[in-house]
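All letters in the sequence shown, in the order written, are residues 527 to 671 by the working numbering. To start, the structure under review is shown below, and the notes come after it.
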Amino acid sequence: MAKSIARQPWAVGLILAGVTATLFVVGSMTVGQAQSASRGVLYLTAVADERLADHGDREEASIVVTVNSSSGDQEGLLKGNFLIETQIGSVNVAVTRLASTGHGIYLLDIVPCGTNTWLKGRYVLSVHVSCPMGSGSTVTELLID
């Protein structure tokens with residue numbers, strides 16, 4: 527019987543479709559179970575501006591970040607909840623100040639790490655937020671000219 531089914535092209539396709547659907551359902555359940563057992567997902571958007579920063583100095587640039595979850599705006603975050611990493615660009619940065627403007631909107635001032643100065647060019651910065659409510663990431667671009 528197995529030989530006769532295997533010789534039918536439609537039967538092979540049907541078997542493969544069934545295996546694929548089973549794997550998809552099992553995979554979806556695993557992902558859903560993992561998310562429900564862990565913290566929630568935070569949704570971030572970010573916009574960067576050079577503000578006072580200029581080529582050759584250590585003045586502050588700024589990033590405005592919105593932090594939301596399925597339950598709404600995320601308030602009460604601290605500087606330690608944010609991590610900014612340079613993905614493209616020649617200088618790593620540190621957060622010097624965090625201010626909340628309400629409704630899940632945060633203003634972060636950043637400067638080059640250590641004694642480094644800003645170099646002219648484009649920086650692609652990743653913004654990560656982690657807190658008891660969940661975690662999330664986004665990217666933004668900063669132009670120093």
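For each residue, glycine too, the CB sits at the ideal point set by N, CA and C.
Status (buried if at least 16 other CB within 10 Å, exposed otherwise) for residue i
| i | result |
| --- | --- |
| residue 658 | exposed |
| residue 613 | exposed |
| residue 622 | exposed |
| residue 604 | exposed |
| residue 740 | Nothing about residue 740 can be reported from this structure: the residues present for the chain run from 527 to 671 only. |
| residue 599 | exposed |
| residue 561 | Residue confidence for residue 561 is low, a pLDDT of 40 falling below 50, so the modelled location carries little weight; the figure read from the coordinates is stated next. It is exposed - the Cβ of residue 561 has fewer than 16 other Cβ atoms within 10 Å. |
C-beta atoms of residue i and residue j nearer than 8 Å
| i | j | result |
| --- | --- | --- |
| residue 617 | residue 610 | no |
| residue 628 | residue 569 | no |
| residue 641 | residue 653 | no |
| residue 602 | residue 650 | no |
beta-carbon residue i near the ligand MN non-hydrogen atom, thresh 7 Å
| i | result |
| --- | --- |
| residue 588 | By its list of ligands, the structure shown contains no ligand whatsoever, and the ligand MN lies outside what it can speak to. |
Residues near residue i by beta carbon distance below 8 Å, same chain, minus five either side
| i | result |
| --- | --- |
| residue 566 | 595, 596, 597, 659, 660 |
| residue 608 | 591, 621, 624, 632, 634, 653, 654, 655 |
| residue 571 | 591, 592, 664 |
Same chain, Cβ closer than 6 Å to residue i, five either side skipped, listed in chain order
| i | result |
| --- | --- |
| residue 590 | 573, 633 |
| residue 639 | 618, 620 |
| residue 576 | 587, 670 |
| residue 626 | 632 |
Same chain, Cβ closer than 7 Å to residue i, five either side skipped, listed in chain order
| i | result |
| --- | --- |
| residue 579 | 585, 586, 587, 644, 670 |
| residue 646 | 581, 670, 671 |
| residue 637 | 584, 586, 619, 620, 622 |
| residue 547 | Low local confidence applies: a pLDDT of 37 at residue 547 is under 50, so the model's placement there is unreliable, and no value is given. |
Strand pairing of residue i, partner residues [DSSP]
| i | result |
| --- | --- |
| residue 635 | 588, 623 |
| residue 617 | Bridge partners of residue 617: none, in fact. |
| residue 654 | 609, 663 |
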